[in-house]
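Residue numbers (this note's numbering), protein chains in the order written: chain S, 2 to 117; chain W, 2 to 117; chain R, 2 to 117; chain U, 2 to 117.
Protein chains: 4
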Amino acid sequence: MSKDLDGLRDQVRAFARARDWEQFHSPKNLAMALSAESGELLEVFQWLTEAESRALTPQARNAAAEEIADVLIYLVRIADQLGIDPIAAAREKMVLNEKKYPADKARGTNKKYTEL
Amino acid sequence: MSKDLDGLRDQVRAFARARDWEQFHSPKNLAMALSAESGELLEVFQWLTEAESRALTPQARNAAAEEIADVLIYLVRIADQLGIDPIAAAREKMVLNEKKYPADKARGTNKKYTEL
Amino acid sequence: MSKDLDGLRDQVRAFARARDWEQFHSPKNLAMALSAESGELLEVFQWLTEAESRALTPQARNAAAEEIADVLIYLVRIADQLGIDPIAAAREKMVLNEKKYPADKARGTNKKYTEL
Amino acid sequence: MSKDLDGLRDQVRAFARARDWEQFHSPKNLAMALSAESGELLEVFQWLTEAESRALTPQARNAAAEEIADVLIYLVRIADQLGIDPIAAAREKMVLNEKKYPADKARGTNKKYTEL
């Protein structure tokens, strides 16, 4: 079993094809599913303090892992449908982030880059 | 430059450390940031038809790629903070999905597994 | 029973006070809860076509009504905690929207105001 | 100018009609727009502590007010398209919440009703 994102993409692709779900997997619908799953991830943390979120109970950690899995599955799927390489896109975005948030200006502050 | 998720995780980790942002990167806050970015991904598609979402303009496709990148960056980061391997979690979830949605019952339907 | 938003606000306020939940109802946490509920609303629609979403089954319509209720409850609550009148804020925003989207320029197009 | 939700609903309805936007305002699309706006509300709070979120700067409070306004506008609009009275739905949900979270059991705890 491949451990990289391409392997996961292929598995999700085969899963959808075996169920004839291509018809439902428009990028629009997949963006909704991804966002709904990210909402379930929020739910794990919404009443916890930040400190509690850094030291989850085993049950909460399992719940978080399952929602992270769901988000990643839909992320890989929407990227596949759009012909986007998500890791390459993230790498490019990190280059941009380095410019938007120079370490010396951004250190220790939670300000947005437009306010630095 | 490594092309896998571990490489991205290391880059995001170094980026945060160089800015002394560990203090802001609680799992709670990262879940919020991930969800906010998934909302920006929604925004790309909200007024498009499904057909239009399958044939994006170059500008819309670039916008989608950037939001997918942002979601992936925060996903990798929250998983790192929680000690979760996101690909392994997704692989486990796919095993569960195979059971929840048997191909013969789920074929061609958009029903939830509880209604199959 | 009052039918306006002030009545709902008072009811939610009393509900939280009776449970000693003020401690959990920081605006940060309430924004998370509101967003998680909006994700549940997405889930009702994610695999439906737009046409299907305009002609919901009774079950789906009930599900949508419950999620709309949840969003409104948290919206009223976060506005209360921040001392914001949500209807007045929406009225002010509509004035802004009238300027951002002049009817003659925005007619029949789904473009963002920055592209009109 | 009416100050209740019906007045806001009528204003949003007229706004959409004057722009021939009925075609874009399917419940599916409006759920996406509502969720995208709730993501912008998250963004206001994502790097703040809970204590900071209870004592916003004037700029952050204005930003929160604008996002609350946007969420309410889309909430009123989707409810209108579905023929749902949002305040009545919220009132019904509060009755349900009273049963799910009896004050004596739920006092001072952030546990979900399934764990009480």
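Cβ coordinates follow ideal geometry from the N, Cα and C atoms, glycine included.
Quantities reported herein were computed from a predicted structural model and do not represent experimental measurements.
Candidates R:5, R:10 and R:6: which alpha carbon is nearest residue 82 of chain R's? One-based indexing of the third sequence puts residue 82 of chain R at position 81. Out of R:5, R:10 and R:6, R:10 has the C-alpha closest to the C-alpha of residue 82 of chain R.
Name the chain W residues whose beta carbon is nearer than 9 angstroms to that of residue 34 of chain U? Indexing the fourth sequence from 1 puts residue 34 of chain U at position 33. Within 9 angstroms Cβ-Cβ: 43, 44, 47 and 48.
Keeping to the same chain, check which residues put their C-beta closer than 8 angstroms to that of residue 41 of chain U; ignore five residues upstream and five downstream. Counting from one through the fourth sequence, the residue named residue 41 of chain U turns up at place 40. Cβ neighbours of residue 41 of chain U beyond the five flanking positions: 68 and 71.
Distance between residue 92 of chain W and residue 105 of chain W (C-alpha atoms, nearest Å): Along the second sequence, one-based indexing puts residue 105 of chain W at 104. Along the second sequence, one-based indexing puts residue 92 of chain W at 91. Here the alpha carbons of residue 92 of chain W and residue 105 of chain W stand approximately 21 angstroms from one another.
Along the stretch 99 to 115 of chain R, what residues have a CB closer than 7 angstroms to any CB found in chain W? Of all residues in the stretch 99 to 115 of chain R, 111 have a Cβ within less than 7 angstroms of some Cβ in chain W.
Given a threshold of 16 other Cβ atoms within 10 Å of its Cβ, counted over all protein chains shown, does residue 59 of chain W qualify as buried or as exposed? The sequence position of residue 59 of chain W within the second sequence is 58, counting from 1. It is exposed - the Cβ of residue 59 of chain W has fewer than 16 other Cβ atoms within 10 Å.
Is residue 8 of chain U close to chain W? Criterion is C-beta to C-beta, closer than 8 angstroms. Your numbering for residue 8 of chain U matches position 7 in the fourth sequence. No, no contact with chain W.
Partners in chain B for residue 25 of chain W, counting only beta-carbon separations shorter than 7 angstroms: Reference to chain B is not applicable here, since the protein chains of this structure are S, W, R and U.
C-alpha gap between residue 65 of chain W and residue 45 of chain W, whole angstroms: Sequence index remark: in the second sequence, residue 65 of chain W carries index 64 (1-based). Sequence index remark: in the second sequence, residue 45 of chain W carries index 44 (1-based). Going from the Cα of residue 65 of chain W to the Cα of residue 45 of chain W covers about 6 angstroms.
Taking the alpha helix (DSSP H) that residue 98 of chain S falls in, what are its first and last residues? In the first sequence, residue 98 of chain S corresponds to position 97, counting from 1. Taken as a continuous stretch (DSSP letters only), the alpha helix (DSSP H) holding residue 98 of chain S covers 87 to 101.
Pull up the CB-CB distance for residue 43 of chain W and residue 33 of chain U, whole angstroms please, since I reckon it's below 8 angstroms. Within the second sequence, numbered from 1, the residue matching residue 43 of chain W stands at position 42. Within the fourth sequence, numbered from 1, the residue matching residue 33 of chain U stands at position 32. At roughly 5 angstroms, the Cβ-Cβ gap stays under 8 angstroms, so residue 43 of chain W and residue 33 of chain U are in contact.
Chain-ordered chain S contacts of residue 37 of chain R [CB-CB under 8 angstroms]: By 1-based counting over the third sequence, the position of residue 37 of chain R is 36. Taking the beta carbon of residue 37 of chain R as reference, the chain S residues within 8 angstroms of it are 40, 41, 43, 44 and 47, listed in sequence order.
Interface residues of chain W around residue 63 of chain U at Cβ under 8 angstroms? For this step, residue 63 of chain U is matched to residue 62 along the fourth sequence. Under the 8 angstroms cutoff, chain W gives no residues; its nearest Cβ is about 18 angstroms from residue 63 of chain U.
What separation, rounded to the nearest whole angstrom, lies between the Cα atoms of residue 74 of chain S and residue 63 of chain R? Along the first sequence, one-based indexing puts residue 74 of chain S at 73. Along the third sequence, one-based indexing puts residue 63 of chain R at 62. Residue 74 of chain S and residue 63 of chain R: Cα-Cα distance of roughly 29 angstroms.
Starting from the beta carbon of residue 87 of chain R, find every residue of chain U whose beta carbon is closer than 8 angstroms, and list them in chain order. Position 86 of the third sequence, counting from 1, holds the residue named residue 87 of chain R. From the beta-carbon of residue 87 of chain R, the residues of chain U found nearer than 8 angstroms are 69, 70 and 73.
C-alpha gap between residue 5 of chain R and residue 99 of chain W, whole angstroms: Numbered from 1 along the third sequence, position 4 holds the residue referred to as residue 5 of chain R. Numbered from 1 along the second sequence, position 98 holds the residue referred to as residue 99 of chain W. Cα-Cα distance, rounded: 47 angstroms.
List in chain order: all unbroken alpha helix (DSSP H) runs of 4+ residues lying wholly within the stretch 28 to 98 of chain R. Taking only runs of at least 4 residues, the alpha helix (DSSP H) segments lying wholly in the stretch 28 to 98 of chain R are 28 to 46, 51 to 54 and 59 to 83.
Is it buried or exposed, residue 107 of chain U, if we count other Cβ atoms within 10 angstroms and call 16 or more buried? For this step, residue 107 of chain U is matched to residue 106 along the fourth sequence. Residue 107 of chain U comes out buried.
Distance between beta carbons of residue 54 of chain W and residue 27 of chain S, contact taken as under 8 angstroms: Working through the first sequence from its first residue, we reach residue 27 of chain S at position 26. Working through the second sequence from its first residue, we reach residue 54 of chain W at position 53. About 5 angstroms separates the two Cβ atoms, so the contact holds.
Please name the residue, chosen from W:77, W:112 and W:90, that lies closest to residue 17 of chain W on a Cα-to-Cα basis. Working through the second sequence from its first residue, we reach residue 17 of chain W at position 16. Closest by C-alpha distance to residue 17 of chain W, out of W:77, W:112 and W:90, is W:77.
Span of the alpha helix (DSSP H) around residue 117 of chain W: Within the second sequence, the letter at position 116 stands for residue 117 of chain W. Taken as a continuous stretch (DSSP letters only), residue 117 of chain W belongs to no alpha helix (DSSP H), as it is neither H nor E.
Sort U:85, U:86, U:61 and U:111 by Cα distance to residue 49 of chain S and report the nearest one. Here residue 49 of chain S is taken as the residue at index 48 of the first sequence, counted from 1. Of U:85, U:86, U:61 and U:111, the smallest CA-CA separation from residue 49 of chain S is found for U:111.
Test item: CB-CB of residue 109 of chain U and residue 21 of chain R under 8 angstroms: On the fourth sequence, position 108 is the one that residue 109 of chain U refers to. On the third sequence, position 20 is the one that residue 21 of chain R refers to. Result yes, Cβ atoms of residue 109 of chain U and residue 21 of chain R sit closer than 8 angstroms.
What whole-angstrom Cβ distance do residue 47 of chain W and residue 37 of chain U have, given they're in contact under 8 angstroms? Counting from 1 along the second sequence, the entry for residue 47 of chain W is found at position 46. Counting from 1 along the fourth sequence, the entry for residue 37 of chain U is found at position 36. So it is a contact: roughly 6 angstroms between Cβ atoms.
Cβ-Cβ separation, residue 114 of chain U to residue 94 of chain U (assumed contact under 8 angstroms), whole Å: Along the fourth sequence, read from residue 1 onward, the residue named residue 94 of chain U stands at position 93. Along the fourth sequence, read from residue 1 onward, the residue named residue 114 of chain U stands at position 113. Between residue 114 of chain U and residue 94 of chain U the Cβ distance is about 13 angstroms, and since that is not below 8 angstroms, they are no contact.
Along the chain, where does the alpha helix (DSSP H) that runs through residue 105 of chain R open and close? The residue you call residue 105 of chain R lines up with position 104 of the third sequence. Start and end: 104 to 107.
Got a sec? Which residues, its chain only, sit under 8 angstroms from residue 119 of chain S by beta carbon, not counting five neighbours each side? The displayed coordinates of chain S run from 2 to 117. Any statement about residue 119 of chain S would go beyond what the structure contains.
First and last residue of the uninterrupted alpha helix (DSSP H) at residue 12 of chain W: Numbered from its first residue, the second sequence carries residue 12 of chain W at position 11. 6 to 19 is the span of the alpha helix (DSSP H), which, as asked, contains residue 12 of chain W.
Just to confirm, does residue 57 of chain W get its C-beta within under 7 angstroms of one of the non-hydrogen atoms of the ligand ADP? Looking for the ligand ADP in the displayed structure turns up nothing, as the structure carries no ligands at all.
Check whether the Cβ atoms of residue 51 of chain R and residue 29 of chain U sit closer than 8 angstroms, and answer yes or no. Stepping through the third sequence from its first residue, residue 51 of chain R is reached at position 50. Stepping through the fourth sequence from its first residue, residue 29 of chain U is reached at position 28. Cβ distance < 8 angstroms, so residue 51 of chain R and residue 29 of chain U count as in contact.
Whole angstroms is fine: what's the gap from residue 96 of chain W's alpha carbon to residue 35 of chain R's? Position 95 of the second sequence holds residue 96 of chain W. Position 34 of the third sequence holds residue 35 of chain R. Spanning the alpha carbons of residue 96 of chain W and residue 35 of chain R requires a straight line of approximately 31 angstroms.
Measure from the C-beta of residue 117 of chain U to each C-beta in chain R and report whether the shortest distance is under 8 angstroms. Mapped onto the fourth sequence, residue 117 of chain U falls at position 116. Residue 117 of chain U does not count as touching chain R.
Residue 90 of chain U CB to nearest chain R CB: under 8 angstroms? Here the question's residue 90 of chain U lines up with position 89 in the fourth sequence. Interface with chain R (8 angstroms Cβ-Cβ cutoff): residue 90 of chain U is included.
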